[in-house]
Amino acid sequence: MGSYIAIALFSPLLGFTISGLFGRFLPKNVTGIIASLSVFVSFVCSIMLFNHLHNGGDAVKLETFNWIAAGNISIDFSFLADKLSVWMMMIITGVGFLIHIYSMGYMHHDEGFYKFFAYLNLFIFSMLTLVLGANYVIMFFGWEGVGLCSYLLIGFWYANKEYGYAARKAFIMNRIGDLGLLLGIFMLFNVFGTTDYQTVFSSAGTANSATIELICILLFVGAVGKSAQIPLFTWLPDAMAGPTPVSALIHAATMVTAGIYLVARSSVFFVSSELASTIVLVVGLVTAVVAATIGLKQNDIKKVLAYSTVSQLGYMFVALGVGAYSTALFHVTTHAFFKALLFLGSGSVIHAMSGEQDIRFMGGLSKKLKITHFTFLLGTLAIAGVPPLAGFFSKDEILAKAFYGNGILVFILLAVTSVITAVYMFRLYFLTFHGEFRGTEEQKHHLHESPSTMTIPLIILAILSCVGGGLGLSSLFSHHHFADTFLSSVLTNANIPHPSHLFEIVVLVVSVVLLAIIILMTRSYYTKKQNVPTSADEETGFGRILSKKYYFDEIYKTLIQKPIEWLSNFAHDFIDRKFIDGIVNISGRGVTVCGNYLRRVQTGNVEFYLLAMVVGVIAFLIIYQLV
Amino acid sequence: MLSYIFYILSGLTILTAIMMIAARNPVHSVLYLIITFFLISGQYLLMNAQFLFVVNIIVYAGAIMVLFLFVLMLLNLNKETEPQKSMKTKLAGVISGGLLLVNLLGALVKSNSSTESLPITDVGLVKNLGMVLFTDFVVPFEISSILFLAAMVGAVLVGKRHKGEMEAISE
Amino acid sequence: MPPIDHYIWLSSILFSIGVIGVLIRRNGIVLLMCVELMLNAVNLLFTAFATNFQDSAGQVFVFFIMVVAAAEVAVGLAILVMIYRNTKSVDISLLDKLKQ
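What follows is the structure, encoded as C-alpha cells:
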C-alpha cells in the first residue's frame, strides 16, 4: 500500500515538473490535461487507500530515508496514511481535480496558463505532503510549501501592484503564525525528543500538563495564521486577488483548513489541555461572529465569500475547541464542497461579466447563466443550512456539540452567526442573480454561460453539496454517523453526550422557519424593492464600521506598522548612521594611521622579504622549542 | 667501512656546497653544485637507492645543471657582471642561516637520538620502486606528467618575445 | 652504516647552506641553484628515512620532488631570461616594483 502514497505524492510533482519546465512549449490543452490527470492519479490512489482503511486495514506507513540526523535528533522522511490523512487526501485530490478541470476553461485566455497549472500541481503536492507527513517536521515542510504556492498564486497577476501587495500580506501574516508553529515543534522536540506522530502521541501522557498547554497554544498560533482566524485573518479577504479557481482551491477548500487538520492531528494534546481548548473556542467564536457581520456589508462577490470562509473556519475552530474533532472535519468536508462550488460559481459569474466583481453592477443573471445560477443557488442553500443539504448537517452538529459541550452562550452566538450567514448569502444571491441588470450595455451584451469544462465541475460539486451531508447524518435520521465512526479511531474526541431527539427536532424546525423568513425578507428587500447597497463611504453608523471591516487594517497600521516604521527610522538615523557607521569610520581611520607607519616596512626589495621570512621561520622554531 | 665513506662524502658535500655559495663567478658556482649533486648521488648509492642514484645524476647533475649553464652562457654572465652584496648584509645572512641550523639541530638533540645504524634494504632497487610507482602511485605519476606539460607551456609562453618587443627590435 | 641522526645532521647543514646562499647572493640564477640545493637536502633526508623504515614511499616522494624541481627550474629560468631581457641584469635587488 505504501506505493500508493508514493504515487499520490509524486504524480502532482511530476505534473509540476512537466508543466513548469515544458509547459511553454506545449499546447494549452495538453498542459491542462497533464496537470489534471496527475491530480486524478492522486485521487485514485486516495480512493485505494481509503478503501483499504475502510475495510479495516492498518494505517499505511511509507519510510523513505533518514532525512536529518544530527546528535540526538533524527528525522525520517516518512509518510503516514491513517484515516485522518486519507480523509483530507480525498478532499484535496477530489476537489483539486475538479478545480483543475474548471481552471482549463477559466484560465484559457491567460498567458501564464502553464505557470498557473504548474503552481496548482505544486500546491497539491505540498498539501498532500502536509497531510501525509508522518511527523511534524514533514508536515511543516508541506505547510511552508502550501504557503509558498498561496503566495505565488495570489500574486499570479503580478503586473498589478495591489495584487503583489496582497500576496506579500498573505505571506507575512502566515509567517507570524508559522513562528508559533515552529516554536511548538521545537517544544515537542525538547519534551519528547522526536516529532514522529505515533511516538509522540503514545507518550503524550508522560509530559507535564503545563508543557502540553504551551505546546498546544503554540501549535494553535500556527493554525490561526494558516486558517485566517482573529487576529491574523485580514490576509484572506485580500488573497482574493488571485484567480478565482485559486480562491476556491486554496483559500476555501484546502489550504485554510490545514489549521483545522493541525489541531485535529494533535487532538491527543488538545483534549487534555483545557486552557488551550478554551482559547481555540473563543478565537473561533469571535472570528465566526466578526467575519459574518463584516460579510453583511461587502459588495465584492469574492470578498463576501472570503469573509464567509473566515466565518465558517471560525465555526470549525469552535467545534475543535469543544472537543468535537470529527465534527470539525465533517464541516471541513461539507464546507469544501459548497464553498468550492460558490467560488467556482462566482468565477463563472465574473467570467460572464468580463472581470466585473462588484455585485452592485450585477443582477438578473439567472436568465443568462442557467447552470451557474442553479448550482450557485444550491450552494447558497447548503451554506445557509437548509435541510437536507450538506451544510445543515455539519452546522447542526456543531451547534449541538456546542450546546451540550459548552453551554448556552456559545450556542446562541453560533446560532446568531448562522442567521447572519444566511442573510449575507441570500443578499449576495439575490443581488447577483435577480432583479434588473445594473451593469453597462456592453457587459449585458456579452453575458454568456461558461464552457462545459467550467459547468461540469459546478454540477458535480453541486451534487456533492446536496448529498455530502450523508457522511454525517444526525442521530435523528440515522444511527450511522459515517464521519464519526471512520475518524474516531484516529481522533481523540472529547466525551460529549449525544443530543436528544427533542433538541434536534427543535433546531430543525426553528432553522427551517428562520431560513424561510430570511429568504422572503432578503428577496423582498433586494429584488422587489430594488435596494442596492451603497459604497462604504456613504454608510453611516454601525454599517460604516462593518463595511470598513471593523477598521482592522487601520488598527494594525496604527498599532503595529507605525511603531515599526518609527523604530526602523530611529534605527536607521541614529543607530546605523551615527553609531554603527561611526565605529566603521573610526576603525577605518585607525587602519589608515597604522598603515602610514607600517608601510615603511614595505621596501619592495625581494631580498629583504627573504630575510624577513627566514627570521620569521627561526622565530617560529625558537618559540616551538621553548614551549 | 661504509661509515667512513659516508663521513668522507659528507665532508666533501658540505665543502663543495659552501664553495658553491661563496664562489664569485656564477659559472664556478654551477660547477661546484654539480659536484655537490654527484656527491649526494654517492650517498644514495651508499643507501642502496640505485634508482635515485641514477635519476639524480641524469636529472639534476645532467639536465637541470646543464640548463643553468646554458642560461649563464646565453646571458654571458661572469665574474665581472656578478652583483655583490655589502659585507653587512652577508653577515646578517650568515647569522640568520646559522641560527636556523642551530634551531634544527637543537630540535634533534632534544629528541631521542638513535645510534642504530641504517639497515641495508633493497626497497630502492628499480624493480621494487617501479612496482610501487606503477601501482600505488600511478595517479600522481600521471598527474606529474600533466604538470610537466603545463610547465613546458608556461616556460615557452614566458620566454617568448611579445609582439611589441619584436617591433621594437626590428625598428 | 651511520645512524639516521647523522643523515639528519648532514641534511640540516646542507639546507642551512642553501638558505645562507639565498640570503647572501644577488644573482637570480644562483638563488635558484641554492633552492635546488635545499631541495636536495630534503631529498637526501627522505631517502634516509625511507631506508631507515624500509618503506619505499619516501623514495617515491623524492622522485616526485625531482619532477616538481625540474618543472620549477624550467619556469624559473624562463622568468629570469625574461627579467634579463627587460633589465639587462639578473640582479634581484633591482626588482623592487612590489612596493607599488
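Chains as they are written, first to last, in our numbering: chain D, 145 to 771; chain E, 285 to 455; chain S, -5 to 94.
Think of the CB as a built atom: it goes at the ideal place given N, C-alpha and C, for glycine as much as any other residue.
Just so you know, these numbers come straight off a predicted model, no measurement behind them.
On a Cα-Cα basis, can you pick out the residue from the options that is closest to residue i?
i	options	result
alanine 392 of chain D	D:Thr453, D:Ile404 and D:Cys360	D:Thr453
isoleucine 607 of chain D	D:Leu485, D:Ile730 and D:Phe257	D:Leu485
glutamate 30 of chain S	E:Ala345, E:Tyr328 and E:Gly326	E:Ala345
serine 50 of chain S	E:Glu364, E:Leu409 and E:Ala439	E:Leu409
serine 428 of chain E	S:Ala64, S:Leu25 and S:Ala35	S:Ala64
glycine 215 of chain D	D:Asp226, D:Phe260, D:Phe333 and D:Leu711	D:Phe333
glutamine 442 of chain D	D:Phe723, D:Thr565 and D:Gly299	D:Thr565
isoleucine 361 of chain D	D:Ile423, D:Lys259 and D:His475	D:Ile423
leucine 440 of chain D	D:Gly369, D:Ser562, D:Gly349 and D:Phe241	D:Ser562
tyrosine 451 of chain D	D:Phe581, D:Pro156, D:Asn173 and D:Ala435	D:Ala435
leucine 197 of chain D	D:Phe487, D:Glu500, D:Thr478 and D:Met145	D:Met145
lysine 539 of chain D	D:Val657, D:Gly732 and D:His479	D:His479
glycine 277 of chain D	D:Ile316, D:Cys610, D:Phe330 and D:Thr208	D:Thr208
phenylalanine 227 of chain D	D:Ile217, D:Gly200, D:Trp211 and D:Asp220	Residue 227 of chain D is actually lysine in this sequence, not phenylalanine. With distances taken between Cα atoms, lysine 227 of chain D lies closest to D:Gly200.
leucine 383 of chain E	S:Met(-5), S:Asp(-1) and S:Phe9	S:Phe9
leucine 525 of chain D	D:Ile494, D:Val656 and D:Val650	D:Val656
serine 370 of chain E	S:Met60, S:Arg19, S:Met32 and S:Tyr78	S:Arg19
leucine 457 of chain D	D:Val368, D:Met234, D:Val771 and D:Ile727	D:Val368
valine 239 of chain D	D:Tyr258, D:Thr576, D:Ser180 and D:Met384	D:Ser180
isoleucine 767 of chain D	E:Ser294, E:Ile324 and E:Gly390	E:Gly390
valine 339 of chain E	E:Phe352, E:Val407, E:Ile289 and E:Phe322	E:Phe322
Put residue i into one of helix, strand or coil per three-state DSSP.
i	result
tryptophan 211 of chain D	strand
isoleucine 324 of chain E	helix
isoleucine 767 of chain D	helix
asparagine 443 of chain D	coil
leucine 224 of chain D	strand
aspartate 420 of chain E	coil
serine 83 of chain S	coil
glutamate 455 of chain E	Unreliable placement is indicated for glutamate 455 of chain E, whose pLDDT of 45 sits below 50; no coordinate value is reported for it.
proline 375 of chain D	coil
histidine 256 of chain D	Checking the sequence, you will find glycine at residue 256 of chain D rather than histidine. Coil, per DSSP.
glycine 249 of chain D	helix
aspartate 772 of chain D	Outside the shown range of chain D, which is 145 to 771, sits residue 772 of chain D, and nothing can be said about it.
aspartate 779 of chain D	With chain D covering 145 to 771 only, the question about residue 779 of chain D has no answer from this structure.
asparagine 387 of chain E	helix
asparagine 396 of chain E	coil
asparagine 740 of chain D	helix
asparagine 21 of chain S	strand
valine 530 of chain D	coil
serine 370 of chain E	coil
glutamate 751 of chain D	helix
lysine 706 of chain D	helix
glycine 240 of chain D	helix
In the DSSP assignment, what residue or residues form a beta bridge with residue i?
i	result
serine 218 of chain D	D:Ala213
asparagine 550 of chain D	Its beta-bridge partners do not exist; DSSP assigns none.
glycine 277 of chain D	D:Phe223
proline -3 of chain S	E:Ser401
aspartate 49 of chain S	None, per the DSSP bridge assignment.
(message) My parser needs the alpha helix (DSSP H) runs of 4 or more residues fully inside the segment 558 to 644 of chain D; what are they?
(response) 585 to 590, 596 to 611 and 626 to 631
(message) Measuring CB atoms only, is the segment 535 to 549 of chain D touching the segment 464 to 479 of chain D, in the sense that at least three cross pairs come out at less than 8 Å?
(response) yes
(request) Pick out the complete alpha helix (DSSP H) segments inside the segment 162 to 205 of chain D, 4 residues or longer, and give them in chain order. (result) Within the segment 162 to 205 of chain D, the complete alpha helix (DSSP H) runs of at least 4 residues fall at 172 to 198.
(request) Please go through the segment 384 to 457 of chain D and give each complete alpha helix (DSSP H) segment of 4 or more residues, from N-terminal end onward. (result) 388 to 392, 402 to 409, 411 to 416 and 418 to 439
(request) Identify each residue in the segment 371 to 390 of chain E for which the Cβ-Cβ distance to at least one residue of chain B is less than 8 Å, and report them in chain order. (result) Here chain B cannot be found, since the structure's protein chains are D, E and S.
(request) Indicate whether the contact test is met: 3 or more Cβ pairs, each with one atom in the segment 369 to 378 of chain D and one in the segment 402 to 411 of chain D, closer than 8 Å. (result) yes
(request) Output the residue ranges of the alpha helix (DSSP H) runs that lie fully inside the segment 289 to 373 of chain D and measure 4 residues or longer, sorted by chain position. (result) Within the segment 289 to 373 of chain D, the complete alpha helix (DSSP H) runs of at least 4 residues are 305 to 336, 341 to 346 and 353 to 370.
(request) Mind the definition here: the segment 254 to 270 of chain D touches the segment 150 to 158 of chain D only if three or more C-beta pairs lie below 8 Å; say whether that holds. (result) yes
(request) Flag this pair as touching only if the segment 310 to 326 of chain E and the segment 344 to 363 of chain E have three or more C-beta atom pairs under 8 Å; answer yes or no. (result) Yes: at least three Cβ pairs fall under 8 Å.
(message) Check whether the segment 1 to 18 of chain S and the segment 377 to 385 of chain E touch, using three or more Cβ-Cβ pairs below 8 Å as the test.
(response) Short answer: they touch.
(message) For the pair the segment 236 to 248 of chain D and the segment 586 to 601 of chain D, tell me if three or more CB-CB distances fall below 8 Å.
(response) yes
(request) Decide yes or no for the touch test of the segment 629 to 641 of chain D against the segment 547 to 554 of chain D: beta carbon pairs closer than 8 Å, at least 3 of them. (result) yes
(request) Assess, as a yes-or-no matter, whether the segment 34 to 50 of chain S is touched by the segment 330 to 340 of chain E under the definition of 3 or more beta carbon pairs within less than 8 Å. (result) yes
(message) Counting beta carbon pairs with one atom in the segment 427 to 445 of chain E and one in the segment 53 to 71 of chain S, are three or more of them shorter than 8 Å?
(response) Contact check between the segment 53 to 71 of chain S and the segment 427 to 445 of chain E: three or more CB pairs, one atom from each, fall below 8 Å, which counts as touching.
(message) Between the segment 338 to 355 of chain D and the segment 404 to 419 of chain D, can you find at least three pairs of beta-carbon atoms closer than 8 Å?
(response) yes
(request) Take every Cβ of the segment 312 to 326 of chain D, pair it with every Cβ of the segment 291 to 299 of chain D, and state whether three or more of those distances are shorter than 8 Å. (result) yes
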